[in-house]
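Chemist:
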Amino acid sequence: MADEKKLTPRGEDFAAWYNEVVLRAELADYSPVRGSMVIRPWGYGIWENMQRALDDMFKATGHENAYFPLLIPMSFIEREQEHVEGFAPELAVVTRAGGKELEEPLVIRPTSETIIYSMYAKWVQSWRDLPVLLNQWANVMRWEMRTRLFLRTSEFLWQEGHTAHATGEEAERETLLILGIYRRFMEEWMAMPPITGLKSNSEKFAGAVRSYACEALMQDNKALQAGTSHFLGQNFSRQFDLKFQSEAGQEEYAWNTSWGVSTRLVGGLVMTHGDDAGIVVPPRLAPLQVVIVPILKGDDTAAAVKAKAAEVADRLRELGLRARVDDRDNVSPGSKYYEWERKGVPMRVEIGPRDLAEGKLALARRLVPEGAKRKEFVAEGEAVAGMPERLEAFQAELLQAALRRRDEHSYRGVKSVDEVKEILDGPGGFVFTGWNGDPAVEQTMKDACKATSRVVASEEFRSETPPERCVSGDGPSQMEVVWARAY
RNA sequence: CGGGGCGUGGCUCAGUCCGGUAGAGCGCUGCGUUCGGGACGCAGAGGUCCCCGGUUCGAAUCCGGGCGCCCCGACCA
C-alpha cells in the first residue's frame, strides 16, 4: 500500500481489497493456526444479527434448536459411501486423548448428518413421531488446503438443519421451504439477491439425492454459494436404521433433509456491498446503525454538544434503533468518519455548535445516491423521527443496486463454450445456457473456461425463451444451467 | 504436492550484496493545545533481528540445517 490509510482499490486487486477490508474493518483476524480465524466483535455482531433473523424464520416454520456433539465416531462417517468419499480428504481426526491412543478415532464434525440421524433412529418409532424438525448452531471443521477469511476456513460457524419425514414428497417440500427462507433472508436482510436452483450431480452434497443452492454474484462477478438445502432421500435413514411404522402399519425408512448457511455469508456481505472506503452493512444487520459524532470546540459549547449527542442517541434507541455516541476525545472527527465508514455503519450523525444553534443535525449516509450531497442538514426532530424510514430506504436501495448488478451481469441465450469463455474472460457473471445433462460438458467448461455449473435455474430464474441446444453443441438442451467462476 | 517470495518493535518495512553501537513511518503511553473529512507539540515505552549450529575478536548481515507464513498452480461438501 502506497498510502497506509487507504485500502487497495477493488478495481486494482479485488482479493487484496477483500483481505484488507476484513482486517481493517475489524471483522476478523488471523489466528495462530493456519486456516482458522478469530471473528472480532464487529464481525460477530453482524453474524449474531444474521443468526437472530434466520433463527426466527426457522422457529416460525416449526423448527426447534438442539445441540449435537463435536466428535463423531469414524465408523459413523464411513457408513454412507458417497458421504465418506466426499469428506475424507477434509477430515480432522482425534486419535489420542486422555494420554492414550483411542480405540476408535473420532472425527471432528465436518457436518452432522451421521450423528444426528443415528440419534433420530433412537427417537423415532412411529409416524406420529414425525416430522422431526431440528436445527443446530455449531462450528464445523473441514481441513482446507487454501483458506480465505470467512469464505473458506478450516473451522467455521454455521447452522445445520436436519429433518426427518414420513414421505419423500414432504421432505422435498421441506427442502424447498428452506431454500425459500434462505433466499428471502439474503434478499430482505443482506440485500444480496441470489439465484436459486438445483445442483448438478457433480456439485451436489456428498450423500444427498438432490441439492439446491442459493448462488450470489459478488462484485468481481464471481459466484458465491451462499446456502444449500439438500433432499437426502432415504440414504442416511437406511444406513442408520432410521425407521418408523407407518399409519398403515408398515415399517418404512424416514426421508431426510439437511440445510445450512455459514459465516461465509459475512464474506458475501462484504463482497456484495463494500466499496473502496470499506464495507457497507445493510441497516437490518448492522450491529450499530447510527453513530453520532460530536464536534467539540474548545469553548463553552462543548458540554451542550455532548449533552445533545447523548440525548439524540437515547431518542434513537427509544425508536428501537442501535445507536451510539462516539465520544472518544483523543480521535479527531475526521478520523472517526473514516473509521465508521470502513466498518460500514449505515448512518452517521454529526452534531456541532453550529447545528446546535440552528436546531439541526448533519446526516451522512454510508452510501449516497448518485448526485446527492454527502451530508444533509435536517431539523433535529425530523432527523430523529425519520431515522427508521431513512434506514429502511437505504436497505431497499442496497437491494435494488445489487439486483441491478446481478441482472446486468447475467448473460442469457449464450450458445457456445467459446461464447461462455469470452464472457467470463471479459466482464464475468452468470452465464445461462442449455445443457444436455452430460457431466462431460461440465468438465469441458472447467477446462476451457475455469467455470463450474452453479445451478440448474429454478423456474423463476429461467430465460423467457428456453435454450434449444446444449452449450456443447451436442444434442438438445434438457435444462437451463448457470455457469460462473466461483469462490 | 510443484513453482516463487518472505520471516527485524503492535503494523508496514529499510538495513543483509560489502560483518563493527538495531533504524524509519504509522500505531501506543503521559501532559498540553486541538476537534465541521485521516490534528499538532513535548516527553516516553516498546526488539531472544524465526530457531539451532558453525565461521569470526565481533553476525540481523557470511555458511549449514530446521521451522513458519504468504502468493501462484493442483485440489475443494
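Positions -14 to 472 (my numbering) are the ones given, in order, by the first sequence.
We treat Cβ as the ideally placed atom computed from N, Cα and C, and that holds for glycine.
#1: Rounded to a whole number of angstroms, what is the C-alpha to C-alpha distance between Lys321 and Lys406?
#2: Span of the alpha helix (DSSP H) holding Glu361?
#3: What's the C-alpha gap between Ile408 and Thr138?
#4: Taking only the alpha-carbon atoms, compute the straight-line gap between Asp410 and Cys434 and give it to the nearest angstrom.
#5: Run the CB neighbour count on Val255, radius 10 Å, all protein chains shown included, and call it buried at 16 or more, exposed below.
#6: Quick one: grab the DSSP three-state call for Thr148.
#7: Please return the same chain residues whose Cβ sits closer than 6 angstroms to the Cβ of Glu382, not counting the five positions on each side in sequence.
#8: By Cβ distance below 7 angstroms, which residues in the same chain neighbour Ala191 in space, the five residues on each side in sequence not counted?
#9: Are Thr248 and Phe170 touching if we call contact CB-CB under 7 angstroms?
#10: Counting only the same chain and skipping the five closest in sequence on each side, list residues whose C-beta sits under 6 angstroms from that of Ala442.
#11: Identify whether Asn241 lies in helix, strand or coil by the three-state DSSP scheme.
#12: So what's Asp205 in DSSP terms, helix, strand or just coil?
#13: Met(-14): buried (16+ other C-beta within 10 angstroms of its C-beta) or exposed?
#14: Whole-angstrom Cβ separation of Thr152 and Trp240, contact assumed at under 8 angstroms?
#15: Could you pull out every residue in the same chain whose Cβ sits closer than 7 angstroms to the Cβ of Ser21, ignoring the five residues on either side in sequence?
#16: Got a sec, what are the start and stop residues for the beta strand (DSSP E) Arg333 sits in?
#17: Run through DSSP, which three-state label would Gly47 get?
#18: List the whole-angstrom C-beta distance separating Glu33 from Lys328, where the pair is believed to meet the contact cut-off of C-beta under 8 angstroms.
#19: When the distance is taken between beta carbons, is Leu270 closer than 7 angstroms to Ala106?
#20: Taking only three categories from DSSP, how would you classify Glu377?
#21: Assess, as a yes-or-no matter, whether the region 213 to 232 is touched by the region 276 to 288 under the definition of 3 or more beta carbon pairs within less than 8 angstroms.
#22: So, using beta-carbon positions, are Ile180 and Glu200 closer together than 7 angstroms?
#23: Report yes or no: do three or more beta-carbon pairs, one from the region 70 to 89 and one from the region 119 to 129, lie closer than 8 angstroms?
#24: Tell me whether the beta-carbon of Thr418 lies closer than 7 angstroms to the beta-carbon of Val440.
#25: Return the CA-CA distance between Ala289 and Val297, expressed in angstroms with no decimal places.
#26: Are the Cβ atoms of Val7 and Ala1 separated by less than 7 angstroms?
#27: Using a Cβ-Cβ cutoff of less than 7 angstroms, which residues in the same chain neighbour Val310 once the five nearest sequence positions on both sides are dropped?
#28: Per DSSP, Trp32 is paired with what?
#29: Just checking, does the region 36 to 54 make contact with the region 113 to 124 on the three C-beta pairs under 8 angstroms criterion?
#30: Tell me whether the beta-carbon of Gly212 lies closer than 7 angstroms to the beta-carbon of Val251.
#31: Can you tell me whether DSSP reads Met(-14) as helix, strand or coil?
#32: Are the CB atoms of Gly267 and Gln144 nearer to each other than 7 angstroms?
#33: Go ahead and pull the three-state DSSP assignment for Val251.
#34: Secondary structure at Lys228, three-state DSSP: helix, strand or coil?
Modeler: In this structure, then:
#1: Taking the first residue of the first sequence as position 1, residue 321 is located at position 336. Taking the first residue of the first sequence as position 1, residue 406 is located at position 421. In this structure, the straight-line span from the alpha carbon of Lys321 to that of Lys406 is close to 45 angstroms.
#2: Residue mapping note: residue 361 aligns to position 376 of the first sequence, counting from 1. Taken as a continuous stretch (DSSP letters only), Glu361 belongs to no alpha helix (DSSP H), being part of the beta strand (DSSP E) at Glu361 to Ala364.
#3: Numbered from its first residue, the first sequence carries residue 408 at position 423. Numbered from its first residue, the first sequence carries residue 138 at position 153. When the Cα atoms are used, Ile408 and Thr138 turn out to be separated by approximately 30 angstroms.
#4: The residue you call residue 410 lines up with position 425 of the first sequence. The residue you call residue 434 lines up with position 449 of the first sequence. Roughly 8 angstroms between the two C-alpha positions.
#5: Taking the first sequence and counting its residues from 1, the one referred to as residue 255 is at position 270. Buried.
#6: As a position in the first sequence, residue 148 is number 163, starting the count at 1. Here DSSP, grouped into helix, strand and coil, assigns Thr148 to strand.
#7: As a working note, residue 382 is residue 397 in the first sequence. Hits under 6 angstroms: none found.
#8: If you number the first sequence from 1, residue 191 lands on position 206. The answer, listed in chain order, is Glu67, His68, Glu70, Gly71 and Phe72.
#9: Residue 248 sits at position 263 when you count from the first residue of the first sequence. Residue 170 sits at position 185 when you count from the first residue of the first sequence. Not closer than 7 angstroms, so no.
#10: Here residue 442 refers to the residue found at position 457 when the first sequence is read from its first residue. Correct list, in chain order: Gly182, Glu465 and Val467.
#11: Position 256 of the first sequence, counted from the start, is the residue given in the question as residue 241. The answer is strand: DSSP assigns Asn241 an E or B state.
#12: Numbered from 1 along the first sequence, position 220 holds the residue referred to as residue 205. DSSP, reduced to helix, strand and coil, places Asp205 outside both helices and strands of the structure shown, so it counts as coil.
#13: Position 1 of the first sequence, counted from the start, is the residue given in the question as residue -14. Confidence at Met(-14) is low in this model, with a pLDDT of 34, below 50, so its placement is unreliable and the value that follows should be read with caution. Met(-14) comes out exposed.
#14: Taking the first sequence and counting its residues from 1, the one referred to as residue 152 is at position 167. Taking the first sequence and counting its residues from 1, the one referred to as residue 240 is at position 255. Cβ atoms of Thr152 and Trp240 come within 8 angstroms of each other, at about 6 angstroms.
#15: Translated into the one-based positions of the first sequence, residue 21 becomes position 36. Cβ neighbours of Ser21 beyond the five flanking positions: Thr138, Ser139 and Glu140.
#16: Here residue 333 refers to the residue found at position 348 of the first sequence. Counting along the chain, the beta strand (DSSP E) containing Arg333 begins and ends at Met332 to Ile336.
#17: Within the first sequence, residue 47 is the residue found at index 62, counting from 1. Under the three-state reduction of DSSP output, Gly47 falls in the coil class, being neither helix nor strand.
#18: Here residue 33 refers to the residue found at position 48 of the first sequence. Here residue 328 refers to the residue found at position 343 of the first sequence. Between Lys328 and Glu33 the Cβ distance is about 15 angstroms, and since that is not below 8 angstroms, they are no contact.
#19: For this step, residue 106 is matched to residue 121 along the first sequence. For this step, residue 270 is matched to residue 285 along the first sequence. No, Cβ-Cβ distance for Ala106 and Leu270 is not below 7 angstroms.
#20: Position 392 of the first sequence holds residue 377. Helix, per DSSP.
#21: Contact between the region 276 to 288 and the region 213 to 232 is absent, with fewer than three C-beta pairs closer than 8 angstroms.
#22: Here the question's residue 180 lines up with position 195 in the first sequence. Here the question's residue 200 lines up with position 215 in the first sequence. Yes. Within cutoff.
#23: Touching, per the Cβ criterion.
#24: By one-based count along the first sequence, residue 418 stands at place 433. By one-based count along the first sequence, residue 440 stands at place 455. Cβ atoms of Thr418 and Val440: not closer than 7 angstroms.
#25: By one-based count along the first sequence, residue 289 stands at place 304. By one-based count along the first sequence, residue 297 stands at place 312. Cα to Cα, Ala289 sits roughly 12 angstroms from Val297.
#26: As a first step, residue 7 must be located in the first sequence, where it is residue number 22. As a first step, residue 1 must be located in the first sequence, where it is residue number 16. The answer is no: Cβ separation not under 7 angstroms.
#27: Numbered from its first residue, the first sequence carries residue 310 at position 325. Here Val310 has Ile277, Pro279, Ala294, Ala295 and Ala298 as same chain residues with Cβ atoms under 7 angstroms from its own Cβ, once five neighbours each way along the sequence are excluded.
#28: Here residue 32 corresponds to residue number 47 of the first sequence, with the count starting at 1. Partner(s): none; Trp32 has no beta bridge.
#29: Because the criterion of three Cβ pairs below 8 angstroms is met, the region 36 to 54 and the region 113 to 124 touch.
#30: On the first sequence, position 227 is the one that residue 212 refers to. On the first sequence, position 266 is the one that residue 251 refers to. With contacts defined as CB atoms closer than 7 angstroms, Gly212 and Val251 fail to qualify as a contacting pair.
#31: The count along the first sequence starts at 1 and reaches residue -14 at position 1. Because Met(-14) sits at a pLDDT of 34, beneath the cut-off of 50, its placement in the model cannot be relied upon, and the following sentence gives the value as read from the coordinates. Coil, per DSSP.
#32: Along the first sequence, one-based indexing puts residue 267 at 282. Along the first sequence, one-based indexing puts residue 144 at 159. Checking the sequence shown, residue 267 turns out to be Pro, not Gly. Taking 7 angstroms as the Cβ cut-off, Pro267 and Gln144 do not qualify as a contacting pair.
#33: As a first step, residue 251 is located in the first sequence; it is residue number 266 there, counting from the start. The answer is helix: DSSP assigns Val251 an H, G or I state.
#34: What you label residue 228 is simply residue 243 of the first sequence in a count that begins at 1. The DSSP-derived three-state label of Lys228 is strand.
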